[in-house]
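Chains A and B, in that order, are what the protein sequence lines are.
Under my numbering, the first residue of the first sequence is numbered 1, with each subsequent residue one higher.
Under my numbering, the first residue of the second sequence is numbered 1001, with each subsequent residue one higher.
Heads up, the beta-carbon is just placed ideally off N, CA and C, and yes, glycines get one too.
None of the values given here were measured: they were computed from a predicted structure.
Reviewing the structure listed below.
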Amino acid sequence: MIAFVTRRLLLGLLTTWLISVLSFAIIQLPPGDFVDAYIAQLASSGSAVSAEEARSLRELYGLGQPFYVQYGKWIARVVVGDFGESMEWRRPVIEVIGDRIWLTLALSFAALIVTWTLALPIGIYSAVRQYSFADYIFTFFGFIGIAVPNFLLALVIMYFAFTMLGASVGGLFSAEMTLAPWGWEKAWDLIKHLPLPAVILALAGTAQLVRIMRANLLDELRKPYVVTARAKGLSEMRTVLKYPVRAALNPFASNLAYQFPQLISGGIIISIVLGLPTVGPLLVKSLVAKDMFLAGTIVLLLGVLTVIGTFISDLVLMWVEPRLRHQLD
Amino acid sequence: MVEPILSVRGLRTQFVGPEGVVRAVDGVDFDVFEGRTLGVVGESGCGKSVTARSILRIVDRPGRVVGGSVMLRKADGSTVDLAGLTEEAMRDIRGPEIALVFQEPMASFSQHYTIGNQIMEGVRLHMGLDKHAARKRAIELLDMVGVPQPSRRIDEYPFQLSGGLRQRVMIAMALACDPRVLIADEPTTALDVTTQAQILDLLRQLQAERGLAIILITHDMGVIAEMAHDVSVMYLGRAVETGSVSDIFDRPQHPYTKALLRSIPTVMAKPRTRLPTIVGSIPHPFDRPAGCAFNPRCADMIAGVCDIAEPPPTNTGTRQVRCFLHGGRP
């Protein structure tokens, strides 16, 4: 078991390394070296870079040297937390991203919780009462949830919230809280704003997971061990919840791995539509502006988060599946 | 005359589907006595397993018990009809009164809980024992059915056990709440021959110790001969011949019983001779023949009789037969 965890950990590190190479390749993508781009950008905004400054920048990032030397210099700085400077914002990348990475995490996590708390009971109900009226209703809304793009749903909900409730639903903070320093009040403000975008973000995933849960549970409900449980005199409720639902839970655990990156990438458009201060809109903006250090850093951070998510889902799967646990011993 | 502990009369179970109605169990009668084993034998699909599940009323949807009575004589001498009980009262029957042992011990256990967990569940539910006492009882049960090192094995998962051990654990689980009737649904089909003999020995020994009434469902006439006191031969959801094992094996009356007994391979047979088989195969359940269900495959079919009317049950002594050759001709 420890061997399994270690192997997963090492694989995770390897993946992280590959992601970092990829991120650096993204930084290097634009033609010419980025100091040229930097100078050009500054020139267009009216300020100039001295030749001295340009040379020291080239020295710093090893420009003109082979790719691996450049990568080495970059990664050595990244490891100590220096992600370079955003050209567009003229501030260190780390400052530009700032809270956004945590807000992205909070939003994704909230969406995940919404997904599970909705999908689990609905999926169980739909399977146990297959072809009932409620099952058809859930199926109907499930397909709508899968078919309608999230951002469209976001627009529709915003429209109705605005016209019917007179509420503005954009953002994660009230206007007066946006720039306020962190504290209980700001956190409470965030908690109040979080549910709506989380629900919108969660809907497609929920619909998918309901279908998965329903299909799995339908399979499990026909298995002989369910009859065994009934023959022991357990109530129907207890029989279903203890045995087949438990078996149908595995896909939920493994689903965690790909749900997470989906939430983050799916969140980009929603964040733009709802004006959320997450990394999604920042990534789009940085790519449009060819702000490569910012873009590369965001790609790197999201990649690392995905690797962590996958690792956690492996651990969860091992925890819920005794066969897997014992196979590894 | 000894009173039966379980008396099944006219049991009927149907599966209603979009293609039609399947009458999986269509009028089954039998009695089970304390300390005795009733063998229920028949080809695959003749309704043996559904009969077992119908007694406990755990037939999977869309199956439904539509008629008949299942009279259970309780320990205090009173009788209840299981067919008329509420679902809640029925749950107190499953386990403490009647327990089931299933065909596939692997599939019949959940792979997500330890065997201890799955045995203790019934004990705690029906006997009201606390966790500690239930665990102690589970270890005793495992020891009783011959599981080595029970206090260690109790924390293992079903997939860690061999097939024979799994079936032993299954029996321990069935006996957890001291049932008086044990229904064993093909308990040895999935096992190799040596393990099969061990499991049958175990059942016999437990029966002798506790006076268990056993309903043994099988398609194996050899197992019946070895284990059962009485036998009920089923064909297409009906008990066509019921009586004591020695009687039926010596003088089978129903043509189907005769054919079944003929098709048992023996070591005495001349080498390289063909084993007699029963012509044809079981009719499709939607396409039940008119008259006696066995008539298209029957060597002694009486044209104009067997394909028109259904033979009524005829009793001679302790035996009941449903065949026009043996009475009831219109």
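{"query": "By the DSSP assignment, the beta strand (DSSP E) with B:N1295 in it spans what residues?", "result": "Per DSSP, B:N1295 belongs to no beta strand (DSSP E) and is neither H nor E."}
{"query": "Pull the bridge partners of B:M1234 from the DSSP assignment, please.", "result": "B:A1239"}
{"query": "Using CA atoms only, rank isn't needed, just tell me which of A:A253, A:Q28, A:L201 and A:S174 is closest to A:W188.", "result": "A:S174"}
{"query": "What are the complete alpha helix (DSSP H) segments, minimum 4 residues, inside the stretch 223-279 of chain A?", "result": "224-231, 236-242, 244-248 and 250-274"}
{"query": "Please state the DSSP three-state secondary structure of B:I1183.", "result": "strand"}
{"query": "Would the beta-carbon of B:E1224 fall within 9 angstroms of that of B:A1184?", "result": "What sits at residue 1224 of chain B in the sequence shown is Ile, not Glu. Cβ distance not < 9 angstroms, so B:I1224 and B:A1184 don't count as in contact."}
{"query": "Going by alpha carbons, who is nearest to B:I1308 out of B:G1317, B:N1295, B:T1318 and B:N1315?", "result": "B:N1295"}
{"query": "Return the chain-ordered list of same chain residues with a C-beta closer than 7 angstroms to the C-beta of A:Y61, the five sequence neighbours on each side being excluded.", "result": "Q70, K73 and W74"}
{"query": "Starting from B:M1071, follow the beta strand (DSSP E) in both directions and report where the run begins and ends.", "result": "G1063 to R1073"}
{"query": "How many angstroms separate the CA atom of A:G267 from the CA atom of A:L112?", "result": "12 angstroms"}
{"query": "At which residues does the beta strand (DSSP E) containing B:R1012 begin and terminate?", "result": "L1006 to G1017"}
{"query": "Under 8 angstroms by Cβ, that's how I've got A:T104 and A:I264 pegged, so tell me the actual separation to the nearest angstrom.", "result": "7 angstroms"}
{"query": "For B:L1206 versus B:I1171, is the C-beta distance shorter than 9 angstroms?", "result": "yes"}
{"query": "Determine the DSSP secondary structure at B:Q1205, reduced to helix, strand or coil.", "result": "helix"}
{"query": "Taking Cβ positions, are A:I298 and A:I97 nearer each other than 9 angstroms?", "result": "yes"}
{"query": "Select from B:T1266, B:M1234, B:D1192 and B:S1244 the residue whose C-alpha is nearest the C-alpha of B:T1257.", "result": "B:M1234"}
{"query": "Would you grab the beta carbon distance between B:A1228 and B:L1038 for me? Rounded to a whole angstrom, and I think it's under 8 angstroms.", "result": "6 angstroms"}
{"query": "In angstroms, rounded to a whole number, what distance separates the CA positions of A:R323 and B:N1117?", "result": "16 angstroms"}
{"query": "Name, going along the chain, the residues of the stretch 204-226 of chain A whose beta-carbon falls closer than 9 angstroms to a beta-carbon of chain B.", "result": "L221, R222, K223, P224, Y225 and V226"}
{"query": "Looking at the C-beta of A:L234, does it have a partner C-beta in chain B at a distance below 9 angstroms?", "result": "yes"}
{"query": "List, in order along the chain, the chain B residues whose C-beta lies closer than 9 angstroms to that of A:A247?", "result": "S1110, Q1111 and H1112"}
{"query": "Closer than 9 angstroms, CB to CB, is B:E1104 near chain A or not?", "result": "yes"}
{"query": "Excluding sequence positions up to five away, which residues of its chain have a Cβ less than 7 angstroms from the Cβ of A:E59?", "result": "none"}
{"query": "Please name the residues in the stretch 1159-1174 of chain B whose beta-carbon is closer than 9 angstroms to at least one beta-carbon of chain A, in chain order.", "result": "F1159, Q1160, M1170, M1173 and A1174"}
{"query": "Is the number of C-beta pairs between the stretch 1089-1097 of chain B and the stretch 219-237 of chain A that are closer than 8 angstroms three or more?", "result": "yes"}
{"query": "Return the chain-ordered list of same chain residues with a C-beta closer than 8 angstroms to the C-beta of B:E1097, the five sequence neighbours on each side being excluded.", "result": "L1072, K1074, P1179, R1180 and V1181"}
{"query": "Assess contact between the stretch 1048-1063 of chain B and the stretch 1266-1276 of chain B, defined as three or more Cβ pairs (one per stretch) separated by less than 8 angstroms. Is contact present?", "result": "no"}
{"query": "Kindly identify the DSSP beta-bridge partner or partners of B:F1030.", "result": "B:V1008"}
{"query": "Would you kindly work out how many angstroms separate the C-alpha atoms of B:P1148 and B:I1139, rounded to a whole number?", "result": "10 angstroms"}
{"query": "Below 8 angstroms on the Cβ atoms is my guess for A:F138 versus A:V210; work out the distance and round it to an integer in Å.", "result": "7 angstroms"}
{"query": "Let me confirm a value: A:R90 is counted as buried when at least 16 other C-beta atoms fall within 10 Å, else exposed. Which label applies?", "result": "exposed"}
{"query": "Does the beta carbon of B:D1092 sit closer than 9 angstroms to a beta carbon anywhere in chain A?", "result": "yes"}
{"query": "Helix, strand or coil, according to DSSP, for A:P121 in the structure here?", "result": "helix"}
{"query": "Per DSSP, what are the beta-bridge partners of A:P92 in this structure?", "result": "A:E85"}
{"query": "In the DSSP assignment, find the unbroken beta strand (DSSP E) run with B:T1079 in it and report its ends.", "result": "T1079 to D1081"}
{"query": "Please say whether B:D1300 and B:L1260 have beta carbons closer to each other than 9 angstroms?", "result": "no"}
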